[in-house]
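Below is one structure; the comments refer to it alone.
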Amino acid sequence: MELLLQQLFNGLTIGSVYSLVALGLTLVYGILHIPNFAHGALYMVGGYITLIMMTNAGLHYILAILVSIIVVGVLSVLMERLVFHPLRHSPPIQDKVAAIGILLFLEALAQLLWGADYRQMPTPFGQVVNVFGLTLTLQRIIIVAAAIAVMIFLYWFLKKTFIGSTIIAMAQNREGAALVGINTNKVAILTFFIAGALAAIGASLTSPINLVFPGMGHLVILKAFVIIIIGGMGSIPGAILGGYILGFTESIGATYISSDYKDLIAFVLLIIILSAKPQGIFSKGGA
Amino acid sequence: MILETKHLTKKFGGNIAVKHVDFSIEQGKVNAIIGPNGAGKSTFFNLITGVHPPTEGQIFYKGEDITKLPANKIALLGMARTFQTTNLFEMSTVFDNVIVGHRLRTKSNLFDAIFRTKRLKEEEERCKEKALEVLEFTGLANVSDQLVANISQEEKKRVAFALALATDPEIVFLDEPTAGVNPDETEELSLLIKKMAEQGITVCLIEHKMQMIMSLADHIMVLNYGEKIAEGTPDEIKNNEEVIKAYLGGGSVSA
Amino acid sequence: MKLLNKRNIIILLILLAAAFPFVIQNQYYLHILTLAFIWTIAVYGLNLLAGYTGYLSLAHGGFFAIGAYALGLLTVKAGFSFWMAFLLAPLITMIIGLVVGLFALRTKEHFFAIYTLCVGYIIYLVIDKWESLTEGVRGLIGIPAPEAIGPISFTSPISQYYFALVVFLLVVLVIYRIIHSLTGRTFIAIRNSEELALSLGISTKKNKLLSFVLSTFFAGLAGAMYAGFIRFIGPEIAYTTITFDLLTYMIVGGIGTFAGPIVGTFLIVLLSQNLQFLQDYRMLIFGPLLTLLIIFSPRGIVGFILMQYANWKTKKKVITSKGHVKEG
């Protein structure tokens, strides 16, 4: 029983991070209609910026995360302006290749600047606490709490503020949004900033319990794709729910099936889903 | 009757795009389908040519039930079509674009390709001859070795016709064949459509340009909200009360 | 002028490649060129599918690894002769490709890309974790070199070079014939518009599957060649890095162009070898190059040259045809 609870909490931790990354990806998909393969690289840069700000600039963990949010957000916006915007009328294969080009570049850059080693991120929240008979590190509790706080804030921003609602409007109908006077360029920039920020938060939260290295975004981004396909490309609740479902499945699968193959779970899930429903689970039927 | 539909119906989710349409196409004639925007004309075309399966109803081609056949099998039977967008390969020549149009009448496979068999060479020759023939017919012989990127919109429409004709069709479906071209070019294209009918190819088209339809078509069907509201000769259609009503607000019939 | 026609240039290039080991007696360069031949074969497979049929598969590195591991396992663990394994490896890859293709091709565009990316990861994870079969991260050692055929032995670097060159030339010939046949035209029609291709009576399902299976065949063939040449393989050859490398070669050379895979692969492989400091950081240059090319010249270096040539030819034709009018 205790083991199960422990694993459920682990699932909650992993799921929180997956949800944050998937949220950014799904927002960008809603606007762009292409899968941003470079999103994993933003996640990786987010981890490094926080790490470097702490170790080299001596900033507090939380301050370092703020810097990381801004840097990665701006990087994400630059990507939109310099690459995806010029390609918006091109065949979809070109967006994908361009995104892969950015991904390869950022990874090589990270390796050049910060080396290829696996690095540990220190955290001021390393204490061990006892909650309901479970032994947890404070960092894990912070991951869950912070992720949920960020999601609530994002929900409020998208639903209750005017500028947030323009994002929703544009995701639903790009031409329609332009017709009612929404500045689609501004919305695209804002969306990319949010996506970058979410990736930075996700990476910074999880790095103290995982590791920071140039390839750290690979598995996470691919799983985020699986999540948004399960949850419906462009769907915000789908991304959150999908993130937690995958988090729980993996954590329980790792304990009771095989920890070697736990990473396979997501991919096999996706293969099964897309084989049965080639347009995704929540595709709008018809054509 | 070369083609007949019975109670043809298509639903998308809760919306009925085409509702119980009975329609028949006379051989060798120019048949037209008209109707206001969103009347279900394109959906009707897509049902007949096998792009979408119908929800209810049947389609008969020369008495044979083709309701469940996929688009490529329907093309093999001698039904060709064009699309509103031409979808040509811009970086290749007009001639190269049209060659593949006769592919469905050939049999050579990967083995023939790798060993360049006699069958492949003969069939390639036949495809090329066919391409030349249809380019000549559509008046494109002079631009056949130009890149598609460098020809005019009207010429691209002709290339799309040529591709359809290269399949050796008995009936051709044209989806808004003159959309996006100027009045003079529209005139030229309708001459080409007439020429196709004179060659014995049955034509069925969707069009918005009423003047052109009235002078070109032998037989017209009017769709509104997915239902057939009238059918007949151009004169009958022009004087039909229901048709005039349907078009009020959507532009007049004579426009 | 006549001396520089297409056929003579090709003959000259083949002669140069054949004479290379005698002109430049540098083992290192021989090694690099042999590898470049092998990579190009894999890139041709990718180009057939992504470039000519319009389906960007991100599992290509995975199929390369399947070919390599099939050869490795058949020779090292099952005791097959090299040549037997060399025949079987691409076939095994093709069969796995057929099964994957049957399902993957039900999806389109980005779903297809994500699906195949997942397939690639699964292949990697299986190779990495299934230690009892693949030896996992330890890798597969002791893969034999090709056995001698009569008097021809394949143990020296020069003979390996010629072996790779011959297979490479055969692949180029086969690809050329496929692309310039009715089958190739069928693929191109599907790339342009599946809807249009269907209306022209083309079975898109069958042809897409054919293209996919062919692409995995060439990936598997290249993988088998690689295993026989390097004679040691580890799970990293199944990693996405390989897929992305192959993709880079294809895009830089020119996606959907016939010469693109050769130009892109040789250019990048030779450049990164000559600029040693670039080895680990080559993507600092090639990553942005990939992105810039796709924005400004989507069909790569070869596509750019072809475009210039086509424009030049049209101009010339307009001038001469005007001349004819005057004569008439």
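Chains as they are written, first to last, in our numbering: chain A, 987 to 1273; chain B, -4 to 250; chain C, 44 to 371. The C-beta atom is built at its ideal place from N, Cα and C for all residues, glycine as well. Source: prediction; values computed, not measured.
Every unbroken alpha helix (DSSP H) within the stretch 1131 to 1208 of chain A, with a cutoff of 4 residues, ordered by chain: 1148 to 1158, 1160 to 1165 and 1170 to 1192
How big is the Cα-Cα spacing for C:ILE348 and C:ILE298? 13 Å
Can you find the residues in the same chain that come closer than 6 Å, C-beta to C-beta, to B:SER247, ignoring five residues on each side of it along the sequence? Reliability fails at B:SER247, whose pLDDT of 47 lies under 50, so the model's placement of it is uncertain and the value that follows must be treated cautiously. Hits under 6 Å: none found.
Using the beta-carbon of each residue, which ones in chain C are nearer than 8 Å to A:VAL1063? Those within 8 Å of A:VAL1063 in chain C number zero; the least Cβ separation is about 16 Å.
Listed in chain order, which residues of the stretch 225 to 241 of chain C have Cβ atoms closer than 9 Å to some Cβ of chain B? LEU225, THR226, GLY227, ARG228, THR229, ILE231, ALA232, ARG234, ASN235, SER236, GLU238, LEU239, ALA240 and LEU241
Inter-stretch contact at 8 Å, needing at least 3 Cβ pairs: the stretch 179 to 198 of chain B / the stretch 206 to 217 of chain B: yes
So what's B:ILE54 in DSSP terms, helix, strand or just coil? strand
Exposed or buried, C:LEU213, counting other C-beta atoms within 10 Å across all chains shown (16 or more means buried)? exposed
Unbroken stretches of the beta strand (DSSP E), 3 residues or longer, contained in the stretch 232 to 262 of chain C: none
C:ASN51 - DSSP class collapsed to helix/strand/coil: helix
So within the stretch 83 to 170 of chain C, which uninterrupted alpha helix (DSSP H) runs reach at least 4 residues, ignoring any that extend past its ends? 103 to 119 and 125 to 147
Under 7 Å Cβ-Cβ, which residues of chain A neighbour C:ARG342? Under the 7 Å cutoff, chain A gives no residues; its nearest Cβ is about 10 Å from C:ARG342.
Short of 8 Å in beta carbon distance, which residues of its chain neighbour C:LEU280, apart from the five on each side in sequence? Order them along the chain. Before going on, a small fix: residue 280 of chain C reads as Ile here, not Leu. These residues qualify, in order along the chain: GLY104, PHE107, ALA108, ALA111, GLY266 and TYR269.
Residue range of the beta strand (DSSP E) that includes B:GLU(-1): -2 to 7
Helix, strand or coil: which one does DSSP assign to B:LYS204? coil
Compute the distance between the beta-carbons of C:LEU41 and A:ILE1086, then report whether it is under 8 Å. The shown model of chain C, from 44 to 371, leaves out residue 41 of chain C, and the question about it has no answer.
How far does the beta strand (DSSP E) with B:SER19 in it reach, from first residue to last? 10 to 20
Endpoints, the beta strand (DSSP E) within which B:PRO222 is located: The identity of residue 222 of chain B in the sequence shown is Glu, whereas the question assumes Pro. Per DSSP, B:GLU222 belongs to the beta strand (DSSP E) from 222 to 227.
Which bits of chain C does B:GLN148 rub up against, with CB to CB less than 9 Å? Here the premise fails: no neighbours, minimum Cβ distance about 17 Å.
With respect to the beta strand (DSSP E) encompassing C:LEU212, which residues constitute its N-terminal and C-terminal limits? Careful: C:LEU212 lies outside any beta strand (DSSP E), inside the alpha helix (DSSP H) at 200 to 222.
Taking 8 Å as the threshold (beta carbon to beta carbon), is C:ILE165 in contact with chain A? yes
When burial is assigned at 16 or more other CB atoms within 10 Å of the CB, is A:SER1244 buried or exposed? exposed
Assuming C:ARG342 contacts C:THR284 under a Cβ cut-off of 8 Å, what Cβ separation, rounded to an integer in Å, is found between them? Going by Cβ atoms, the distance from C:ARG342 to C:THR284 rounds to 25 Å, so no, they are not a contact pair.
Proximity test, Cβ basis, 8 Å: A:GLU1093 and chain C: yes
Burial state of A:HIS1025, where buried means 16 or more other Cβ atoms lie within 10 Å: buried
By the DSSP assignment, the beta strand (DSSP E) with B:MET216 in it spans what residues? 214 to 219
From A:SER1005 to A:GLN1106, what distance separates their C-alpha atoms? 23 Å
Compute the Euclidean distance between the alpha carbons of B:THR228 and B:THR181, then round it to the nearest angstrom. 21 Å
Excluding the five sequence neighbours on either side, which residues of its own chain have a C-beta within less than 8 Å of the C-beta of C:GLN351, listed in chain order? none
Is the number of C-beta pairs between the stretch 7 to 23 of chain B and the stretch 33 to 52 of chain B that are closer than 8 Å three or more? yes
Tell me, please, whether the stretch 303 to 314 of chain C touches the stretch 1055 to 1066 of chain A by the rule of three or more beta-carbon pairs shorter than 8 Å. no
Which residue's Cα is closest to the Cα of C:LEU141: C:PRO189, C:GLY182, C:LEU253 and C:THR229? C:LEU253
Out of C:PHE255, C:ALA121, C:LEU99 and C:PHE154, state which residue places its alpha-carbon closest to the alpha-carbon of C:GLY185. C:ALA121
Start-end ranges of the beta strand (DSSP E) lying completely within the stretch 116 to 180 of chain B, minimum 3 residues: 166 to 170
Since A:ALA1084 meets chain C, which of its residues come closer than 7 Å, beta carbon to beta carbon? THR334, ILE337 and ILE338
Tell me the residue span of the alpha helix (DSSP H) that contains A:MET1040. 1025 to 1041
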